[in-house]
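**Student:** Okay, handing you the structure first.
In the numbering used here, the protein residues as written are 3 to 236.
Take a look at the structure:
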C-alpha cells in the first residue's frame, strides 16, 4: 500500500446555520465524524493522549491507521502508518523558520521512501510541495480559512474556491501542532478557524446544526448527504 502523501484538493466538510439544543460544558474533542451519502456511510475516528493531542486516526474507508508522536514543544515529531496491524511507513517531521519538511521512511525507519513539505507564512501553511514538482497553493482570509486552493501538476493547474460560516471548526485549535491531520487525511480541514459551507463546484451550501457552544453537531444537504460529529468531553 502506498501511503497517502498528497492532501485532498477537493476535501469537503459541511456547515450552515441551525442550532442543536444539546447542553455542553468544558473541553470538547471530536472523536467520531460520520459521513453518509448515496454510497453508504463511513467514519473518521480520533483518539487523544493525556495532553489532549490527537494520538491516533482511523477512517473506516481506508486500510491505514495513523499514530502520532510529538516533540517536547508539542509539534508533530512523527506519524506511524499501519495497515492490517503491520507498520508500513514512518513520516518524520523537521521544522525550520518558514517550512516543515517531511521524510517518509519504510517500516525500518531508515530506508527513505518519499518526501513532502509545507511552506509557512507565520503560523499558516501557504504551500504544499509534493513529489514530481506537484504543488498546492493556499490563500486565506483574515480568520485563516483557506479560500482558494490552486494545484499545479505536469503543467496543469486546477483551482477551487471555498466559503465558510462564522462558527468554530472542531480542529480550529490544532494550529501547526498536527499538519498531518489538517492536510493529509481524508476530509482534511486545511487548518481553518471555521466550517466550510460551499465550494465553486457546489450549487447550494451545506446546512449545519450546532451545539450551544458553537461547535458543529451535524449537517445535511438538500440532496441527501449528511455528516454527524461526536465528541468526548473533559
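Positions of the beta carbon are idealized from the N, C-alpha and C atoms, including for glycine. All values derive from a computational prediction rather than experimental measurement.
Report the residue from 123, 74, 191 and 92 whose alpha carbon sits nearest the alpha carbon of residue 239.
**Tutor:** The structure shown does not extend to residue 239, since the chain spans only 3 to 236, so no value can be given for it.
**Student:** Three Cβ pairs or more, each shorter than 8 Å: is that satisfied between the segment 124 to 142 and the segment 105 to 112?
**Tutor:** No, they do not touch.
**Student:** For a cutoff of 7 Å on Cβ pairs, would you count residue 201 as touching chain C?
**Tutor:** No chain C is present in this structure, which holds just one protein chain.
**Student:** Does the pairing of the segment 178 to 188 with the segment 214 to 232 give three or more beta-carbon distances under 8 Å?
**Tutor:** In short, these stretches do not touch, since the Cβ pair count stays below three.
**Student:** Let me know the secondary structure DSSP gives residue 47 once reduced to three states.
**Tutor:** The residue you call residue 47 lines up with position 45 of the chain shown. Three-state DSSP puts residue 47 in a strand.
**Student:** Would you call the segment 182 to 189 and the segment 155 to 165 touching, i.e. three or more CB-CB distances under 8 Å?
**Tutor:** Not touching, per the Cβ criterion.
**Student:** By Cβ distance, which residues of its chain are closer than 6 Å to residue 37, with the 5 residues on each side in sequence left out?
**Tutor:** By one-based count along the chain shown, residue 37 stands at place 35. So the list reads 44 and 229, once near-sequence residues are dropped.
**Student:** On the DSSP letters alone, give me the boundaries of the alpha helix (DSSP H) that residue 185 sits inside.
**Tutor:** The count along the chain shown starts at 1 and reaches residue 185 at position 183. Unbroken alpha helix (DSSP H) run through residue 185: 181 to 185.
**Student:** Which whole runs of the beta strand (DSSP E) in the segment 117 to 194 are 3 residues long or more, in chain order?
**Tutor:** Here the runs fully enclosed are 126 to 131, 137 to 142, 148 to 155 and 158 to 170.
**Student:** Report the rounded CA-to-CA distance for residue 132 versus residue 191, giving the unit in angstroms.
**Tutor:** Mapped onto the chain shown, residue 132 falls at position 130. Mapped onto the chain shown, residue 191 falls at position 189. Roughly 19 Å between the two C-alpha positions.
**Student:** Could you give the distance in angstroms between the alpha-carbon of residue 119 and the alpha-carbon of residue 81?
**Tutor:** Start at 1 with the first residue of the chain shown, and residue 119 comes out as number 117. Start at 1 with the first residue of the chain shown, and residue 81 comes out as number 79. Looking at the two C-alpha atoms, the distance is approximately 14 Å.
**Student:** Since residue 102 contacts residue 94 with CB under 8 Å, what's their CB separation in whole angstroms?
**Tutor:** Counting from one through the chain shown, the residue named residue 102 turns up at place 100. Counting from one through the chain shown, the residue named residue 94 turns up at place 92. Residue 102 to residue 94, Cβ: 11 Å. No contact.
**Student:** Determine, using beta carbons only, whether residue 32 and residue 210 come nearer to each other than 7 Å.
**Tutor:** Your numbering for residue 32 matches position 30 in the chain shown. Your numbering for residue 210 matches position 208 in the chain shown. Not in contact: residue 32 and residue 210 (Cβ atoms no closer than 7 Å).
**Student:** Please classify residue 198 as buried or exposed, where buried requires at least 16 other C-beta atoms within 10 Å of its C-beta.
**Tutor:** In the chain shown, residue 198 corresponds to position 196, counting from 1. When all chains shown are included, residue 198 counts as buried.
**Student:** May I have the straight-line CA-CA distance separating residue 203 from residue 168, to the nearest angstrom?
**Tutor:** Sequence index remark: in the chain shown, residue 203 carries index 201 (1-based). Sequence index remark: in the chain shown, residue 168 carries index 166 (1-based). Approximately 21 Å between the Cα atoms of the pair.
**Student:** Kindly list the residues whose CB is nearer than 8 Å to the CB of residue 67, restricted to its own chain and excluding five residues on each side of it in sequence; keep chain order.
**Tutor:** Along the chain shown, read from residue 1 onward, the residue named residue 67 stands at position 65. Here the set comprises 58, 59, 60, 83, 84 and 85.
**Student:** Could you pull out every residue in the same chain whose Cβ sits closer than 6 Å to the Cβ of residue 64, ignoring the five residues on either side in sequence?
**Tutor:** For the purposes of this step, residue 64 is taken as residue 62 along the chain shown, with counting starting at 1. So no residue of the chain qualifies.
**Student:** What does the alpha-carbon distance come out to for the pair residue 154 and residue 139?
**Tutor:** If you number the chain shown from 1, residue 154 lands on position 152. If you number the chain shown from 1, residue 139 lands on position 137. Residue 154 and residue 139: Cα-Cα distance of roughly 8 Å.
**Student:** Could you spell out where the beta strand (DSSP E) holding residue 67 opens and where it closes?
**Tutor:** Residue numbering aside, residue 67 sits at position 65 when the chain shown is read from its first letter. Here the beta strand (DSSP E) through residue 67 covers 66 to 72.
**Student:** So residue 164 and residue 183 are supposed to be a Cβ contact under 8 Å. How far apart are they, rounded?
**Tutor:** For the purposes of this step, residue 164 is taken as residue 162 along the chain shown, with counting starting at 1. For the purposes of this step, residue 183 is taken as residue 181 along the chain shown, with counting starting at 1. Between residue 183 and residue 164 the Cβ distance is about 18 Å, and since that is not below 8 Å, they are no contact.
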